[in-house]
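Written out below as structure tokens is the structure these notes cover.
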Amino acid sequence: MCFFLVLAVFNPVFKKYDYGAEFPLVLILGLSLPFLVVNYLKSERAFLEKFFLSIFTGFVIISFITSSTKNIGLSEVLAFISAVTVYLAFAHTRVDFVQRFLRFLAIICTFSVIAGYFIYLTQPEVRMFGPFFNILKHNNVWPNAFALFLLMTWPSFLIVHKKWDIRVAAILGIILSGLLLTYSRGALIAFTGQVFLIFVYFIKRISFKNIGLIIFTAILAVGLFLGANQIRAMQYQTLDVEKKLTFQNGENLTSKQERIDFWEGAIELIKEKPLLGYGPFSFRYAYNSHQPLLLESSDHPHDLFLKIGAENGLIALFGFLGFLITLFFTVVKRFKKLSKENRVLVYLMGISVVGSISHNMIDYNFNFIANLLILFILMALIRSVCVIKRHAEKLSSPALSKNFDSPVRLVHCESKFFCRLVSDNFSACLRLISHYLLFIFSILIAILALYEGALWTLSYVSNGDYLKYSLYPRNFYLSSAEESIKTGDFSKAMENIDRQISLNKLDPQAFYLRGVVYCKKESKYYNLEFCKTNLGTAIKLNPLNDLAYYMGYLKTIDDNNITPQDKKILIKIFEILPKYFIMAQQNTHFTAYTGNVEIASEITDLLKNYMKKDDWNSIDQERTKMLKDAQNLRGNKQF
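Each step along the sequence shown adds one to the number in our numbering, with nothing skipped, and position 592 is 592.
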């Protein structure tokens with residue numbers, strides 16, 4: 001498991017499982033599940049936890065079966081199931097690797113910050129993101145995910161180093177400076193809460209020496225933060241801390257307001273499909289039509305619970321909340337019975353869990369398998385420490401005793417003995433049955449992972465269409481359709497497009513490509529009305545993110561016969577284009593690295609006939625500046 005986490009954290013390509021890049025790691029984890037559930041047979045009774053987790057995972061699976069976006073949800077389903085299985089494997093039995101695992105977390109936390117410093121000082125991105133990036137794609141860096149990783153791992157230093165000294169304080173200062181350099185406001189709020197909870201619990205144990213070390217840690221963290229920015233400023237842009245913290249750096253709409261919009265959008269989606277949701281990882285499609293601001297798209301609603309509610313339904317959310325509440329009350333109930341050392345252990349691991357969940361109520365980053373797995377492992381270890389050791393009692397029949405003064409008393413005691421024997425055996429049988437059910441389920445998941453892994457491997461090493469047999473084709477049919485359009489095989493293109501739409505009715509790209517086929521005069525499907533209808537549907541499904549849909553529609557407009565629908569599209573693009581130029585220059589949401597830049601430039605030329613000369617010249621100047629700034633940003637990017 002430790003090797004897997006090292007791979008998940010430090011590999012530079014397979015990151016973020018929901019959209020597919022981390023799918024190979026999810027498959028590897030799925031293959032390991034049968035080997036993990038061996039521990040489950042030794043577990044104590046925990047009916048409510050298992051009941052609520054069964055509801056959660058069951059309705060995650062059902063939401064995938066009924067999903068509006070079946071082509072993309074499997075990776076998230078497997079990730080959730082794997083994380084829950086890991087929890088069940090270790091949570092209800094005493095494990096002996098708690099300290100070793102926490103020491104491991106402290107080590108990878110340290111090395112991740114060291115890697116983060118190297119990248120921060122040599123790359124143009126203005127926030128530290130550690131090893132949370134995809135080296136193959138310029139815009140795939142995730143500082144908030146790195147901040148979450150640090151929130152979950154830094155308390156492990158307080159556990160494995162029971163006595164503070166200058167060395168531990170220095171290492172912790174380096175770690176916390178990395179957290180500061182992520183500029184994640186949500187993470188800093190969660191970190192403040194963590195520090196407060198630690199202070200409340202340990203206030204009576206804090207000595208003057210500890211106060212001095214705490215001050216040293218804080219000074220070192222702030223000093224490294226300022227020093228790193230001074231060094232970086234010699235070559236690259238740095239963020240203004242005051243403006244960042246007070247939302248005065250142009251992020252008022254791209255951070256604070258966006259989150260409010262995401263939350264409100266998620267609530268609307270829950271109202272539309274309350275029982276089963278839109279399906280795993282459907283928010284990125286379902287939200288687009290509710291989106292109020294340009295480029296305000298998101299893969300998730302920036303809230304763990306709203307995400308589950310919108311994508312998997314309220315029943316799944318009920319199961320997940322029920323599990324968390326049951327776990328919390330079980331730990332609280334048994335907390336005082338633990339040894340002093342174990343109370344500290346449980347409390348500090350709880351700090352990690354509380355910090356991570358609170359952070360994910362304003363910014364969801366459990367879509368990285370390392371973060372999700374660490375969360376469930378920490379919860380499992382907390383629960384494991386709280387397991388009550390049950391020693392087997394030697395049962396003997398009352399009939400063997402001769403201290404009964406009447407046959408009635410003997411019969412009464414024999415009856416109690418029989419009921420106890422049946423009860424204990426029945427409970428043991430239930431645990432045995434649940435173990436085998438979990439084992440069979442884990443084998444089925446492993447078989448599915450092996451099957452999907454084989455298809456994924458074959459699709460990469462050969463030119464065969466193996467992904468058409470997959471439950472996780474992602475954009476396979478769209479890619480095939482695009483290739484068919486290029487080669488002029490429009491029948492095959494339409495076949496693939498129809499298949500994509502049958503899997504994902506919310507995919508604007510599928511309707512866009514269908515419109516492209518209908519627009520081709522050399523195609524037997526040529527129909528200008530159908531072309532504009534499908535392009536209009538693409539715009540309706542995703543009106544504020546992909547400018548290609550507008551460009552495609554603008555090319556179909558007849559200047560001599562402008563329809564009411566054409567006017568609506570023109571008004572919309574006149575409104576969008578100037579805003580996009582500004583966003584591209586600021587590289588909002590890394591849009592300067594995307595094809596929207598060149599498409600916006602081409603749209604500018606298409607609008608020339610619909611604008612006054614002076615107005616168009618002004619737009620043209622903005623276009624030129626945008627292209628220059630975007631090229632500079634791309635030129636500074638080294639990976």
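Glycine included, each C-beta is placed from N, C-alpha and C at the ideal position.
Pull up the distance between the alpha-carbon of residue i and that of residue j, whole angstroms please.
i	j	result
G279	I72	9 Å
L338	C386	7 Å
S523	L513	13 Å
K258	Q291	Correcting the residue type first, residue 258 is Glu in the shown sequence and not Lys. Computed Cα separation, rounded: 9 Å.
R474	K162	48 Å
A190	I175	15 Å
K492	G464	15 Å
Y19	I215	42 Å
I55	F476	32 Å
L181	F225	6 Å
R205	F199	10 Å
K50	M379	14 Å
L7	L29	11 Å
W456	Y466	8 Å
D498	I351	49 Å
T217	A170	6 Å
S511	I219	Just to set this straight, residue 511 is Phe in the shown sequence, not Ser. So the two alpha carbons sit approximately 56 Å from each other.
Put residue i into one of helix, strand or coil per three-state DSSP.
i	result
F97	coil
F4	helix
N504	strand
F132	coil
G250	The predicted position of G250 is uncertain, since its pLDDT is 49 and thus under 50; no value can be drawn from it.
T192	helix
V141	strand
T556	coil
T69	strand
D165	coil
P398	Only weak support exists for where P398 lies, its pLDDT of 46 falling under 50; the coordinates are left without a value.
G350	helix
C109	helix
W456	helix
L78	helix
Return the chain-ordered list of same chain residues with a C-beta closer than 7 Å to the C-beta of residue i, the five sequence neighbours on each side being excluded.
i	result
N229	T238
H92	S43, E44, A46, R383 and V387
C60	Here residue 60 turns out to be Val, not Cys, going by the sequence shown. Result list for V60: V77, F80, P280, N312 and A316, in chain order.
L253	Interpretation of L253 is limited by its pLDDT of 47, a score under 50 that renders its predicted location unreliable; no figure is taken from the coordinates.
K505	S68
R103	V160
T326	L48, E49 and F52
How about residue i and residue j: do their beta carbons lie closer than 8 Å?
i	j	result
G265	P301	yes
L375	F101	no
S297	L151	no
L48	V86	no
F149	A370	yes
A145	L179	no
S75	Y17	yes
F14	L25	yes
Y549	N542	yes
L640	K555	For the chain, the structure presents residues 1 to 639; residue 640 sits outside this window and is missing.
Y518	I539	no
S442	L5	no
M551	V597	no
Y610	L547	no
For residue i, is the classification buried or exposed, using 16 other Cβ atoms within 10 angstroms of its Cβ as the cut-off for buried?
i	result
K209	exposed
P131	buried
P578	exposed
R167	exposed
R232	buried
L158	buried
S484	buried
P12	exposed
L444	exposed
N360	buried
With a CB to CB cut of under 6 Å and the five nearest residues on each side skipped, what residues in its chain are close to residue i?
i	result
G536	none
R284	D299
G453	L27
Y593	H138 and N139
K70	L503
D629	Q585
F262	S298, P301 and H302
Can you list, in chain order, the residues of its chain with a C-beta nearer than 8 Å to that of residue i? Leave out the 5 residues immediately preceding and following it.
i	result
I362	G186, I189, R259, H302 and D303
Tell me whether residue i, by its Cβ, gets closer than 7 Å to a heavy atom of the ligand ZN.
i	result
S289	Absence of the ligand ZN is noted for the structure shown, with no ligands found whatsoever.
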